[in-house]
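Residue numbering for the sequence shown follows our numbering, starting at 2 and increasing by one per position.
For reference, the structure discussed in these notes is given below.
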Amino acid sequence: MYIETSYYRQGDNAKLNSPKLQFGGSMCLTFYYHMYGSTIGTLNVIINGNNVFTASGDKGNNWLRAAVDVHVWGMYAV
Numbered sequence: 002m003y004i005e006t007s008y009y010r011q012g013d014n015a016k017l018n019s020p021k022l023q024f025g026g027s028m029c030l031t032f033y034y035h036m037y038g039s040t041i042g043t044l045n046v047i048i049n050g051n052n053v054f055t056a057s058g059d060k061g062n063n064w065l066r067a068a069v070d071v072h073v074w075g076m077y078a079v
């Protein structure tokens, strides 16, 4: 997903919802993200209403890898 933030307006928001995924106890959610520029906001990863990852602001012109340990059971969207 690409979101342009150069012309940010207060209240702008974008959401990417996954289909429901099967979680079974202790697992590792791994993904890459790119947050570059002075107008970058905040990235939140939420599972079952719980924020499991947050990154804010300029992280440089690089793709960064995140690995989040999650401990949930059942079917949830990310």
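No residue lacks a Cβ here, since even glycine has one placed at the ideal position from N, Cα and C.
- Ala67 is positioned such that its CB atom lies closer than 8 Å to that of Tyr34.
- The secondary-structure analysis by DSSP pairs Gly25 across a beta bridge with Trp74.
- Under a 10 Å Cβ-count criterion, Met36 is classified as buried, with 16 or more other Cβ atoms of the shown protein chains found around its own Cβ.
- Taking the CA atoms as reference points, Asn51 sits about 22 Å from Leu65.
- In the displayed model, Ala67 falls within a strand according to three-state DSSP.
- The C-beta distance from Val73 to Asn49 rounds to 6 Å, short enough to meet the 8 Å contact threshold.
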